[in-house]
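Participant: Reminder that position 113 of the sequence shown reads as 113 in the numbering used here, one-by-one numbering, no gaps.
The C-beta atom is built at its ideal place from N, Cα and C for all residues, glycine as well.
Model, not experiment: these values are computed from the prediction.
Below is the structure I would like to discuss, written out as structure tokens.
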Amino acid sequence: MRRSDYLCTMKRLLMHIGYGFLRLLSHLPLRVLYVLADILRPFVWGYRRKVVVQNLRNSFPEKSERQIALLARDFYHSFCDMVVEQIKFLTISRAEIMKRMRFENIEQIEHDLCEETFAFVYLGHYGNWEWISTLGLWLSEGIHAAQLYKPLHDPAIDALFLKMRSRFGSECIDKNKALRRIMQMKAEGQKTVIGFISDQTPRADSIHHWVEFLHQDTPIFTGTERIAKKVGAAIYFAEVEYVRRGYYVCRFHRMQAHANAAQGEFELTEQYMARLEEMIRRQPRLWLWSHRRWKRQRKAETDS
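Here is the structure:
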């Protein structure tokens with residue numbers, strides 16, 4: 001056996017062992033898994049700590065260093081909770097997930113879908129965004145649920161996340177093939193709610209607009225708005241509330257009944273970023289502060 005084949009075989013074996021171990025863990029009650037999260041927290045404390053603290057300082061310049069340290073501590077607490085919640089997601093029952101992840105104002109979305117083919121939902125890396133993929137459990141028969149995703153570099157890990165995200169019937173759409181798939185659904189007349197997580201950093205060659213977000217000049221994705229206008233989607237914002245440990249509520253707020261009714265070129269995108277900032281300021285601990293959100297600077301990108 002060639003060395004490369006041997007390494008691939010060992011990697012697959014280790015992945016299977018790791019998956020089996022996580023699946024065993026996932027059968028434990030969440031109250032037990034949260035004990036594990038508390039044990040893990042001191043070891044996770046150093047994970048991208050400089051990035052987390054700098055992001056918090058820049059986003060909350062009015063806060064003292066002690067307050068920033070407390071925000072960082074709370075973030076790592078929530079981060080560890082989400083890790084074990086994702087482990088639980090591997091085997092959690094339909095009944096339990098519907099108690100822990102509730103949705104409100106679905107009736108408005110379904111009303112809009114009487115007139116339109118699509119309802120697009122703006123999401124953020126906030127709260128337990130992975131559990132929002134269970135929306136399909138709450139929709140009426142005949143309405144499809146989907147979300148865009150970015151394929152991970154490791155095929156085995158990518159397959160694991162796809163399996164989790166589609167457990168309850170939600171379709172995962174490769175972001176690189178999104179327009180083609182959405183146009184296909186439109187041609188078929190498939191009523192669909194699609195989630196777009198749009199708060200990450202665009203590639204340098206994909207930056208079309210900047211806004212002030214959390215006191216910083218920020219490049220933003222505009223693809224959600226552009227596709228929404230192309231297919232005439234209703235636009236919603238997903239407001240996530242942390243109720244207590246392991247319990248969330250997702251409320252849908254309509255931003256526009258028909259995307260083409262928006263006046264400005266980036267009006268919907270700017271509304272989304274404003275709503276996201278407002279939500280983050282209410283419960284800062286729930287956003288993904290470890291992401292290098294502001295690694296691109298407008299001057300540098302303009303000059304390059």
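At what residues does the alpha helix (DSSP H) containing Thr224 begin and finish?
Facilitator: Walking along the sequence shown from the start, residue 224 turns up at place 224. Looking at the DSSP string, the run of the alpha helix (DSSP H) that includes Thr224 is Gly223 to Val231.
Participant: In whole angstroms, what separates the C-alpha of Leu214 from that of Tyr47?
Facilitator: Stepping through the sequence shown from its first residue, residue 214 is reached at position 214. Stepping through the sequence shown from its first residue, residue 47 is reached at position 47. Straight-line Cα distance between these residues: approximately 22 Å.
Participant: Excluding the five sequence neighbours on either side, which residues of its own chain have a C-beta within less than 7 Å of the C-beta of Lys255, listed in chain order?
Facilitator: Here residue 255 corresponds to residue number 255 of the sequence shown, with the count starting at 1. The sequence given here places Met at residue 255; Lys does not occur at that position. Ile235, Tyr236, Phe237, Leu268 and Gln271.
Participant: Note down the Cα distance separating His209 from Arg226, rounded to an integer number of angstroms.
Facilitator: Taking the sequence shown and counting its residues from 1, one reaches residue 209 at position 209. Taking the sequence shown and counting its residues from 1, one reaches residue 226 at position 226. Distance between the alpha carbons of His209 and Arg226: 12 Å.
Participant: Which of the three DSSP states is assigned to Pro219 in this structure?
Facilitator: Here residue 219 corresponds to residue number 219 of the sequence shown, with the count starting at 1. It is a strand residue.
Participant: From Arg41 to Lys63, what does the alpha carbon distance come to, in whole angstroms?
Facilitator: By 1-based counting over the sequence shown, the position of residue 41 is 41. By 1-based counting over the sequence shown, the position of residue 63 is 63. Whole-angstrom Cα-Cα distance: 24 Å.
Participant: Which residue comes first and which comes last in the beta strand (DSSP E) that contains Thr269?
Facilitator: Position 269 of the sequence shown, counted from the start, is the residue given in the question as residue 269. Per DSSP, Thr269 belongs to no beta strand (DSSP E); it is in the alpha helix (DSSP H), Glu267 to Arg282.
Participant: Give me the Cβ distance between Val231 and Thr117, rounded to the nearest whole Å; I'm assuming they're in contact under 8 Å.
Facilitator: Walking along the sequence shown from the start, residue 231 turns up at place 231. Walking along the sequence shown from the start, residue 117 turns up at place 117. Correct: roughly 7 Å between the Cβ atoms.
Participant: Excluding the 5 residues flanking Arg23 on each side, which residues of the same chain have their C-beta closer than 7 Å to its C-beta?
Facilitator: The sequence position of residue 23 within the sequence shown is 23, counting from 1. Only Leu90 and Thr91 meet the Cβ criterion.
Participant: My assumption, with CB atoms under 8 Å, is that Ile106 sits in contact with Phe252. Please give the rounded CB distance.
Facilitator: Mapped onto the sequence shown, residue 106 falls at position 106. Mapped onto the sequence shown, residue 252 falls at position 252. About 7 Å separates the two Cβ atoms, so the contact holds.
Participant: Quick one: complete alpha helix (DSSP H) runs, 4+ long, within the segment 117-192?
Facilitator: Here the runs fully enclosed are 155-165 and 178-188.
Participant: Out of curiosity, what's the CA-to-CA distance linking Lys175 and Phe21?
Facilitator: Along the sequence shown, read from residue 1 onward, the residue named residue 175 stands at position 175. Along the sequence shown, read from residue 1 onward, the residue named residue 21 stands at position 21. When rounded, the distance between both Cα atoms is 30 Å.
Participant: Which one or two residues does DSSP pair with Glu104 in a beta bridge?
Facilitator: As a first step, residue 104 is located in the sequence shown; it is residue number 104 there, counting from the start. Per DSSP, Arg251.
Participant: Given a cut-off of 8 Å, decide if Trp129 and Leu123 are closer than it, judged by their beta-carbon atoms.
Facilitator: As a position in the sequence shown, residue 123 is number 123, starting the count at 1. As a position in the sequence shown, residue 129 is number 129, starting the count at 1. Yes.
Participant: Taking the C-alpha atoms as reference points, what is the distance between Tyr76 and Val84?
Facilitator: In the sequence shown, counting from the first residue as 1, residue 76 sits at position 76. In the sequence shown, counting from the first residue as 1, residue 84 sits at position 84. If you take the alpha carbons of Tyr76 and Val84, they lie about 13 Å apart.
Participant: Select from Cys172, Asp81 and Lys295 the residue whose C-alpha is nearest the C-alpha of Thr192.
Facilitator: Residue mapping note: residue 192 aligns to position 192 of the sequence shown, counting from 1. Of the candidates Cys172, Asp81 and Lys295, the one whose C-alpha sits nearest the C-alpha of Thr192 is Cys172.
Participant: Applying the 10 Å Cβ sphere with the 16-neighbour rule, what's the burial state of Pro284?
Facilitator: Your numbering for residue 284 matches position 284 in the sequence shown. Buried.
Participant: So what's Gln67 in DSSP terms, helix, strand or just coil?
Facilitator: Within the sequence shown, residue 67 is the residue found at index 67, counting from 1. Residue state, collapsed to three classes: helix.
Participant: Closer than 7 Å by C-beta to Leu160: which residues in its own chain qualify, once you throw out the five before and the five after it? Chain order, please.
Facilitator: Translated into the one-based positions of the sequence shown, residue 160 becomes position 160. The answer, listed in chain order, is Tyr19.
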